[in-house]
Amino acid sequence: MDNTLHIPTMAEMAAKGKNPEILFWVGCAGSFDERAQHITRDICKILNHVGLKFAILGTEEGCTGDPAKRAGNEFLFQMQAQMNIQTLNTYEIKKIVTACPHCFNTLKNEYPALGGQYEVVHHSQLIQQLIDEGKLKQTEGKPFKGKRITFHDPCYLGRGNNVYEAPRKALEVLDAQLVEMKRCKSNGLCCGAGGAQMFKEPEKGRKDINIERIDEALQTDPHIIAAACPFCMTMLKDGVKNYNKEQEVQVLDIAEITARANDL
């Protein structure tokens, strides 16, 4: 974490007898993937900027179990889930925000059956709420003025949970042009990393899915491809790199775009 950010843990807050408004569920990618750590930092900057009291679990946070479940290991999933639920319930957590649609989907839809009842919000939904409340506004510099931005819908956010407008709201307030890919929203194409595919080599075929998706993104002639999932981020960046277009096309998360637009 960067030195200008103090991010309290639930253990630290509990020791002081305090309760945060929000638990920020960082997730495996947000914790350990170097690229996704930038997203984590920007979410913390946004939360600090608007004055929301939040905390993370730190070393007490475990994988939600999503990859295990998607790969077919229900036993491991339930073990991981129950350990997390025990921790969350010990701290009497009520509201969780996360940047990972896989964590979002699992915490929101699969933990309740195992005793984990929480209000779970994706970071794009929180950003939309903060924009609607007037707590996030563009700086005068308008760093995205005139930029063409296309948004890639993550499967577990879009088709999985019907969240389409929240990430677009963060882009629509910019002085930029939002251009949609041919396959978007409920007809969006997977980046290729869902269903635990992130952790294995692709099967032989005509073309990798992330290359197919990048082909569609590049057809919009974008300056920026916006993402809202760390898995999608990896696949989209690899696709851009495949065409040696890193200098021409940036892949940025909604949180990174929002942080830059607000000069955070």
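Mapping to this note's numbering: the sequence shown position 111 is 139, numbers consecutive. Glycine included, C-beta positions come from ideal geometry on N, C-alpha and C. Keep in mind it's a predicted model, so treat the numbers as computed, not measured.
Query	Result
Other residues of its chain near T115: CB distance less than 6 Å, five sequence neighbours each side excluded	E88
Local Cβ density within 10 Å of A289, reported as buried at 16 or more and exposed below that	buried
Candidates N190, L33 and V277, of which the one nearest F82 by Cα	L33
Entirely enclosed beta strand (DSSP E) segments - the stretch 132–185, minimum 3 residues	147–150 and 176–179
Spatially closest choice to G174 from A198, V268 and D203, by CA coordinates	D203
Residue range of the alpha helix (DSSP H) that includes T262	P258 to N270
Three-pair Cβ contact test at 8 Å for the stretch 99–110 versus the stretch 69–81	no
Straight-line gap, K265 to A255 (C-alpha atoms, nearest Å)	10 Å
Cβ-heavy atom distance, F52 to the ligand FAD, below 7 Å	The ligand FAD is not part of the structure shown, which contains no ligands of any sort.
K235 burial status per 10 Å Cβ neighbour count (16 or more: buried)	exposed
Candidates V125, I35, R196 and K73, of which the one nearest H150 by Cα	V125
Per-residue burial, F60 [other beta carbons within 10 Å of its own, 16 or more giving buried]	exposed
Environment of G233 [buried if 16+ CB atoms lie within 10 Å]	exposed
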